[in-house]
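Chains as they are written, first to last, in the working numbering: chain G, 632 to 771; chain F, 632 to 771.
All C-beta atoms, glycine included, are put in the ideal place defined by N, C-alpha and C.
Below: the structure, in structure tokens.
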DNA sequence: GTGTTTGCAAAGTGTTTGCAATTTA
DNA sequence: TAAATTGCAAACACTTTGCAAACAC
């Protein structure tokens, strides 16, 4: 996902969030570069590198708020950390277990067929496919 | 998965784990009832209910050791908790988001086709399909 | 001006670890 | 009796929260 500065302000307003320096700065870091995956710690490092002054608490709150506003999608791959994806279209993920890194798999290169009916009283909210990959042990 | 008492002792030895009262008791709780999903907190509650004396630290260590010994498979569905599955055969999961509960989807009722090649230098370790379901909002 | 947001530090959750006492092999 | 395991409490990683000061509208 990518927003123009104006679109992004607009998007914040739609979400009922006021336009603050922190949200603009984090939004720029998160959304300026096409589809990507972030977690709080990475974002803190990027903010530091870009000399953006934001507290870690605000980073967490912002990620949560953006996810609640459907500007980010949370991806559960690791019991330890939360990852957020800027790509909101249907697609799946490679998870590099060695590096703790996510990579998109375009929706059309992978098909889930024969999806079972959801158990009684429930409806399908989402289907996540995580292809866990590992670095090949070096060969001769 | 289910083990007879002797099989279970044997399985522990294969894994290089000594046979202790705690591992037997937890093993009984985990593996006595066909395929199931556990997390540490649930197991603690079950142990308490069964008047099994085990510390929470031992529960965590045991779950980790059983997973390392391929007696359990860890399933990542939630950034908060770790879930462990006794079903080691190929299959997938419903995750009941409202209840934080896993349910098996038999392997043959769902097919993933067109699996992409793993990125250069990596190999596929596992493919996890999580079908996230939610309780239907009550209708009129 | 009023309500929202920020940042800090403190608290919270789930998990791991150091170490003395206990148990297993 | 040597090595492994347990339980406790302390430490840990990640995340959330309470509240006063700062900011948006």
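If the five residues before and after residue 650/F are omitted, its C-beta is found closer than 8 Å to the C-beta atoms of 640, 643 and 644, all from its own chain and listed in chain order. With the criterion set as a beta carbon lying under 7 Å from some beta carbon of chain G, the region 659-671 of chain F has no members that meet it. In this model, residue 736/F and residue 753/G are separated by some 15 Å (Cα to Cα). Within the region 659-729 of chain G, the complete alpha helix (DSSP H) segments of 4 residues or longer fall at 671-680 and 687-699, listed in chain order.
DSSP places residue 737/F in the strand class (E or B) of the three-state scheme.
Sequence-distant Cβ neighbours of residue 648/F in its own chain, meaning closer than 8 Å and more than five residues away, are 654, 696 and 700. Across the structure, residue 671/G and residue 658/G are spaced so that their CA atoms are roughly 13 Å apart. Among the residues facing chain F, residue 767/G is included, as its CB has a counterpart in that chain under 8 Å away. Under the three-state reduction of DSSP, residue 637/G is assigned to helix.
Counting every other CB atom within 10 Å of its CB across the protein chains shown gives residue 768/F a total below 16, marking it as exposed. Excluding residues up to 5 positions away in sequence, 685 lie with their Cβ nearer than 6 Å to the Cβ of residue 678/G in the same chain. Around residue 721/G, the same chain offers 738 as residues with beta carbons nearer than 6 Å, after the five sequence neighbours per side are excluded. Residue 725/F has a beta carbon lying within less than 8 Å of a beta carbon in chain G.
Taking 8 Å as the CB threshold, residue 764/F lines the interface with chain G. In the DSSP annotation of this structure, residue 748/G is not part of any beta strand (DSSP E), being labelled neither H nor E.
Using a Cβ-Cβ cut-off of 8 Å, residue 756/G counts as an interface residue toward chain F, since at least one Cβ of chain F sits closer than that to its own. Comparing C-alpha distances from residue 734/F to each of 717/F, 652/F, 691/F and 660/F shows the shortest one belongs to 717/F. The shortest CA-to-CA distance from residue 714/F to any of 694/F, 759/F and 749/F is the one to 694/F. Separation of residue 675/F and residue 726/F (C-alpha to C-alpha, rounded to the nearest whole angstrom) is 21 Å. Note that the C-beta distance between residue 681/F and residue 660/F is below 8 Å. When the alpha-carbon of residue 764/G is set against those of 705/G, 731/G and 756/G, the nearest one is in 731/G. Taking a 10 Å sphere around the C-beta of residue 707/F, we find 16 or more other C-beta atoms and assign the residue as buried. For residue 713/F, the C-beta contacts it makes with chain G under 8 Å involve 710, in order along the chain. Under the DSSP definition of a beta bridge, residue 742/F partners with 744/G. At a beta-carbon threshold of 7 Å, none of the residues of chain G lie near residue 735/F; the nearest stands roughly 10 Å away.
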